[in-house]
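Participant: In this note's numbering, the protein residues as written are 90 to 809.
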Amino acid sequence: MINLFARPADMCVHVVEPMVALRSVLIETLRNQGFSQVTGFGDFKTLLVHLSTQRSDWIVAGGCFNSDINIIHLLKLCLDEPRLQQTRVSFMMREHEKEMLPLAFELGLLSYHSSHIPSRIPEEISDLLRIIRLAGYRSALASSNFLCRILKEERRWDMIIHLQKSLLDVFPGSSQILLALAEAELNSGRKEGRKTLEQVLLIDPSLTNEVEQLKTRFVPQETLEMPIDLDLPLDEDNSRMNVLGLASCILIDPDTTVHQLVRQSLKTAGVEQVETFESGDSAWRWLTQGGRPSLILMEWRIPELNALQLIQRINQHSPGVPIILISSLINPGEFSLIKEIGVRGVVEKPFDTQTLMTEIITVIQQHRYPSDQTAMDRRIQQCLATANEAEASRLIAMYLCNPAFEPVGKLRIEAEFAFFKGRYKQCCTMAFEALKITGDSLDLLNLLAKALMRLGDYENALKLLEKANALAPRNIDRICRMATICSEMGKEEEAESLLVEAKTIDAVNILVSETEAHIAIASNDTKRAAETLKGMENLHRIVAYTNNKAVALIRNNQLQKGINLYKSALESLPQPWNDIHDTICFNLGLAYIRLIKYQEAKDIFGRIKADGSSATARKVTALIAKLDHAVRTQTQLQFATETSHDSSAQSEDTMVFNLEKMMDSLIPVRGDICCYRIFRAQELASESMLKMLQNMPKMAQRPPLRKVESQVKSDRSQAS
């Protein structure tokens, strides 16, 4: 939920109410609460015409049950129209409209309020704003509070249990959700309620009074004198609900007393698989043998394979797994590096259970459902790194529309997306603009350097990476990139020196091996390259890098350099030859064709070992036939026309970041829009309510809405 409710003056609020007196009360109440942009309408039809050209952040509406358009229609339109998916809806309900509530909550209703006593409306609105604040401005949590009121009235405990468990999937470890779940379980007579109360106290001991009240109401009298003990099972069946939603967790710490405390806390939270290790080396062996943790907890100072080495290996082996350090041994100068290599949180020793659980819950919730700017930054970068464009686009649209986020952060996210789409000049322009505002930023320095590398400006890319390395040394990924750049520039000594620096940090890191192979292949040191490649399990990234570099050389009319690079790669490949060998041979053959060296092309095609029925073999057969025909007829083979770098760069200059298109492609997920996709009305929704959805009104055709994009540009201008 965009934090607009935290800044009411920025919100566009619309009130829909046919009764003039009631509408006036609502408008006055909202303005008294700080909502200065409030507009009133007498019916939904007029509102929809207005929404065809204007944005709305919050609609406070009466049901208009007997009209052609009512609250159910409005909620469905807000789901179906991408531009309205950020709009929240509150229902000012008459008593006879109560049957609309279950379906309304399924369609994303934020809240409902009684309108039959106008004097109570200010109190109702104040209560809503209080609940929204307590929910951390997350609409799903705020909405569920109102939904539970309806379900409690009808004593629908099973539905409340299902609702709270669904909410826990989105907000793992929430003590308020757990407390509501425990109450529903106890009301329905389920013994699990006692264990859920135990988990409430584990996560938030400040709720002791609330837990005691529930125990007094539901737990048998003979057990009242026994406080909940985290070390003792309540019955023979000691299984607990996994309130953190973690399939497994690993802890790496030489102190076994820490193992005991952390393991017990996680077990009480329902995490059944907790693996503990006393050294980084033993943890790494477990990971490389197939271990897939949902969370990693570790000390910063660990024996054998140290934490810096281990974390950077984990980033390559299992990217995206959240890591929390439990340590008091971190030097202040190391925090920049720790943040850059992906550590999500730090818990200082000595620590208590609540401190640990609070940090774990914060990290897990922001990992699953990012809401603060830093967490969304990280999640977007992760999605782009794994080519998950759909999820990245969804998060970017939410990010750019959030007025609480810093404008310079929005500019950097646009630059990240431009890089992902291959618009390197655009990326450079945006990143440099953001860098002027923020000063030296590791994220921006790295991003700008990557874009300059793609544009062939190695000298300036190297300067930026050197500056970043001074801010946060010992990042293997950056040092290896610097070594590769030096190799590209012909600075062999500098490249070797940087390679030695990377090896000093972690000589067997896969990035170090790949960088050494890159340098050896580029310098035609095939013996060294072959020795390096021999010990590598996966050569695809090496071949992809070599191939892309050779293609770039060939397209820039440096055909012989490209051919030499392919030859060096072929001579370096360890046997047995496979599809990687065939790929290089195929591309080398194409390079010979460009040089009109048809016999050399046929010879290299003849070295391809692919099975005759494979796609590669069929292509080779067709090419050889064309080569034979060209030799007989003394003609030349023609390649398809390629777009030059200059023309692509010109077209890139005309590209703009299309936020509107991104917004239009948004698909809401659980937790985005109140209880939509979290709650199902099921038997509570009457047949007459469901029929309303079959006669949906249509929104008027409207011109593109540019207001949000204009706001982003305005923010950027102000920041400059």
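Heads up, the beta-carbon is just placed ideally off N, CA and C, and yes, glycines get one too.
In chain order, what residues of the same chain lie with their CB nearer than 7 angstroms to the CB of MET465, ignoring the 5 residues before and after it?
Facilitator: Looking up residue 465 in the sequence shown gives position 376. Closer than 7 angstroms at Cβ, skipping near neighbours: PRO459, LEU484 and TYR488.
Participant: What are the boundary residues of the alpha helix (DSSP H) that includes THR444?
Facilitator: Reading the sequence shown from its first residue, position 355 is the one you call residue 444. Looking at the DSSP string, the run of the alpha helix (DSSP H) that includes THR444 is 442–457.
Participant: Provide the residue span of the alpha helix (DSSP H) that contains VAL109, from first to last.
Facilitator: Here residue 109 refers to the residue found at position 20 of the sequence shown. Taken as a continuous stretch (DSSP letters only), the alpha helix (DSSP H) holding VAL109 covers 109–121.
Participant: From which residue to which residue does the alpha helix (DSSP H) around GLY498 run?
Facilitator: Along the sequence shown, read from residue 1 onward, the residue named residue 498 stands at position 409. Per DSSP, GLY498 belongs to the alpha helix (DSSP H) from 496–509.
Participant: Can you give me the C-alpha to C-alpha distance between GLU731 and THR705, rounded to a whole angstrom?
Facilitator: Taking the sequence shown and counting its residues from 1, one reaches residue 731 at position 642. Taking the sequence shown and counting its residues from 1, one reaches residue 705 at position 616. Note on GLU731: pLDDT 46, under 50, position unreliable in the model; no value is reported.
Participant: Shortest alpha-carbon distance to TYR513 belongs to which of THR305, HIS456, ALA540 and PHE440?
Facilitator: As a working mapping, residue 513 is identified with position 424 in the sequence shown. That would be ALA540, whose Cα lies nearest to the Cα of TYR513.
Participant: Taking Cβ to Cβ, would you say SER49 is nearer than 8 angstroms to GLU581?
Facilitator: Outside the displayed span of the chain (90 to 809) sits residue 49, for which this structure offers no information.
Participant: Output the distance between the C-alpha atoms of LEU534 and PHE509, rounded to the nearest integer angstrom.
Facilitator: For this step, residue 534 is matched to residue 445 along the sequence shown. For this step, residue 509 is matched to residue 420 along the sequence shown. Roughly 16 angstroms separates the two Cα atoms.
Participant: Using 8 angstroms as the threshold, is the C-beta distance between ILE608 and ALA584 below it?
Facilitator: Indexing the sequence shown from 1 puts residue 608 at position 519. Indexing the sequence shown from 1 puts residue 584 at position 495. Yes, the Cβ-Cβ distance between ILE608 and ALA584 is below 8 angstroms.
Participant: At 4 residues or longer, what runs of the alpha helix (DSSP H) sit wholly inside the region 756–792?
Facilitator: Correct list: 776–781.
Participant: Can you give me the start and stop residues for the alpha helix (DSSP H) that THR377 sits inside?
Facilitator: Translated into the one-based positions of the sequence shown, residue 377 becomes position 288. Run containing THR377: 369–377, per the alpha helix (DSSP H) assignment.
Participant: For THR285, which three-state DSSP category applies?
Facilitator: Sequence index remark: in the sequence shown, residue 285 carries index 196 (1-based). Helix at THR285.
Participant: Thinking just about the alpha-carbon of each residue, which of ASN636, LEU648 and GLY701 is nearest to the one in ILE673?
Facilitator: What you label residue 673 is simply residue 584 of the sequence shown in a count that begins at 1. Ranking ASN636, LEU648 and GLY701 by Cα distance to ILE673 puts ASN636 first.
Participant: Which residue marks the beginning of the beta strand (DSSP E) containing VAL102, and which one marks its end?
Facilitator: Your numbering for residue 102 matches position 13 in the sequence shown. Unbroken beta strand (DSSP E) run through VAL102: 101–105.
Participant: Return the CA-CA distance between GLN349 and LEU340, expressed in angstroms with no decimal places.
Facilitator: In the sequence shown, the residue the question calls residue 349 occupies position 260. In the sequence shown, the residue the question calls residue 340 occupies position 251. Each residue's alpha carbon lies about 10 angstroms from the other.
Participant: Give me the Cα-Cα distance between ARG721 and ARG683, rounded to the nearest whole angstrom.
Facilitator: Here the question's residue 721 lines up with position 632 in the sequence shown. Here the question's residue 683 lines up with position 594 in the sequence shown. Between ARG721 and ARG683, the C-alpha separation is close to 18 angstroms.
Participant: For ARG96, count neighbouring C-beta atoms within 10 Å of its own C-beta (all shown protein chains included) and say buried if the count is 16 or more, exposed if not.
Facilitator: For the purposes of this step, residue 96 is taken as the residue at position 7 of the sequence shown. Classification of ARG96: exposed, given that the 10 Å Cβ count is below 16.
Participant: Could you check what DSSP says for GLY422 in three-state terms: helix, strand or coil?
Facilitator: Here residue 422 refers to the residue found at position 333 of the sequence shown. If DSSP states are grouped into helix, strand and coil, GLY422 belongs with the helices.
Participant: Beta-carbon within less than 7 angstroms of LEU531's beta-carbon, same chain only, minus the 5 sequence neighbours each way: which residues are those?
Facilitator: As a position in the sequence shown, residue 531 is number 442, starting the count at 1. Closer than 7 angstroms at Cβ, skipping near neighbours: SER425, GLU429, ALA557, LEU560 and ALA561.
Participant: Thinking C-beta only, is PHE124 closer than 8 angstroms to MET108?
Facilitator: Taking the first residue of the sequence shown as 1, we reach residue 108 at position 19. Taking the first residue of the sequence shown as 1, we reach residue 124 at position 35. Their beta carbons are not under 8 angstroms apart, which means MET108 does not touch PHE124 by this criterion.
Participant: Quick check on DSSP: helix, strand or coil for HIS205?
Facilitator: The sequence position of residue 205 within the sequence shown is 116, counting from 1. It is coil, neither helix nor strand.
Participant: For SER703, which three-state DSSP category applies?
Facilitator: Indexing the sequence shown from 1 puts residue 703 at position 614. If DSSP states are grouped into helix, strand and coil, SER703 belongs with coil.
Participant: Give me the Cα-Cα distance between LYS280 and PHE307, rounded to the nearest whole angstrom.
Facilitator: The residue labelled residue 280 in the question sits at position 191 within the sequence shown. The residue labelled residue 307 in the question sits at position 218 within the sequence shown. Each residue's Cα considered, the two are about 10 angstroms apart.
Participant: Tell me which residues share the same chain as ILE266 and place their Cβ nearer than 7 angstroms to its Cβ, disregarding the 5 neighbours each side in the sequence.
Facilitator: The residue given as residue 266 occupies position 177 in the sequence shown. So the qualifying residues of the chain are GLN253, LEU256, LEU257 and PHE260.
Participant: Should ALA98 be labelled buried (16 or more other beta-carbon atoms within 10 Å of its own) or exposed?
Facilitator: Taking the sequence shown and counting its residues from 1, the one referred to as residue 98 is at position 9. Result: exposed.
Participant: Can you tell me whether GLU581 is helix, strand or coil according to DSSP?
Facilitator: Residue 581 sits at position 492 when you count from the first residue of the sequence shown. Reduced to three states, the DSSP call for GLU581 is helix.
Participant: Would ALA572 and LEU587 qualify as a contact pair, given that the criterion is a beta-carbon distance under 8 angstroms?
Facilitator: The count along the sequence shown starts at 1 and reaches residue 572 at position 483. The count along the sequence shown starts at 1 and reaches residue 587 at position 498. In this structure, LEU587 lies closer than 8 angstroms to ALA572 by Cβ.
Participant: If you count every other CB in all the chains shown that lies within 10 Å of the CB of ASP55, and 16 or more means buried, which is it?
Facilitator: Residue 55 lies beyond the stretch modelled for the chain, which goes from 90 to 809, so this question has no answer here.
Participant: Helix, strand or coil: which one does DSSP assign to LEU684?
Facilitator: Residue 684 sits at position 595 when you count from the first residue of the sequence shown. Here LEU684 sits in coil by DSSP.
Participant: Do TYR765 and LEU173 come within 8 angstroms of each other at the CB atom, strictly closer than that value?
Facilitator: Residue 173 sits at position 84 when you count from the first residue of the sequence shown. Residue 765 sits at position 676 when you count from the first residue of the sequence shown. Going by C-beta atoms, LEU173 is not nearer than 8 angstroms to TYR765.
Participant: Could you pull the start and end residues of the alpha helix (DSSP H) that THR365 belongs to?
Facilitator: If you number the sequence shown from 1, residue 365 lands on position 276. Per DSSP, THR365 belongs to no alpha helix (DSSP H); it is in the beta strand (DSSP E), 362–366.
Participant: How is MET248 classed by DSSP in three states: helix, strand or coil?
Facilitator: Counting from one through the sequence shown, the residue named residue 248 turns up at place 159. Of the three classes helix, strand and coil, the one that applies to MET248 here is helix, per DSSP.
Participant: Looking at SER113: is its Cβ nearer than 8 angstroms to the Cβ of PHE133?
Facilitator: Position 24 of the sequence shown, counted from the start, is the residue given in the question as residue 113. Position 44 of the sequence shown, counted from the start, is the residue given in the question as residue 133. Contact: no.
Participant: Suppose you measure from the CA of VAL127 to the CA of GLN470; what does that come to, to the nearest Å?
Facilitator: Working through the sequence shown from its first residue, we reach residue 127 at position 38. Working through the sequence shown from its first residue, we reach residue 470 at position 381. C-alpha separation (whole angstroms): 37 angstroms.
Participant: If you follow the beta strand (DSSP E) that ARG177 is in, where does it begin and where does it stop?
Facilitator: Here residue 177 is taken as the residue at index 88 of the sequence shown, counted from 1. Its beta strand (DSSP E) spans residues 177–182.
Participant: Considering only C-alpha positions, which residue in the set LEU166, LEU164, CYS167 and TYR201 is nearest to MET182?
Facilitator: Walking along the sequence shown from the start, residue 182 turns up at place 93. Nearest of LEU166, LEU164, CYS167 and TYR201 to MET182, Cα basis: TYR201.
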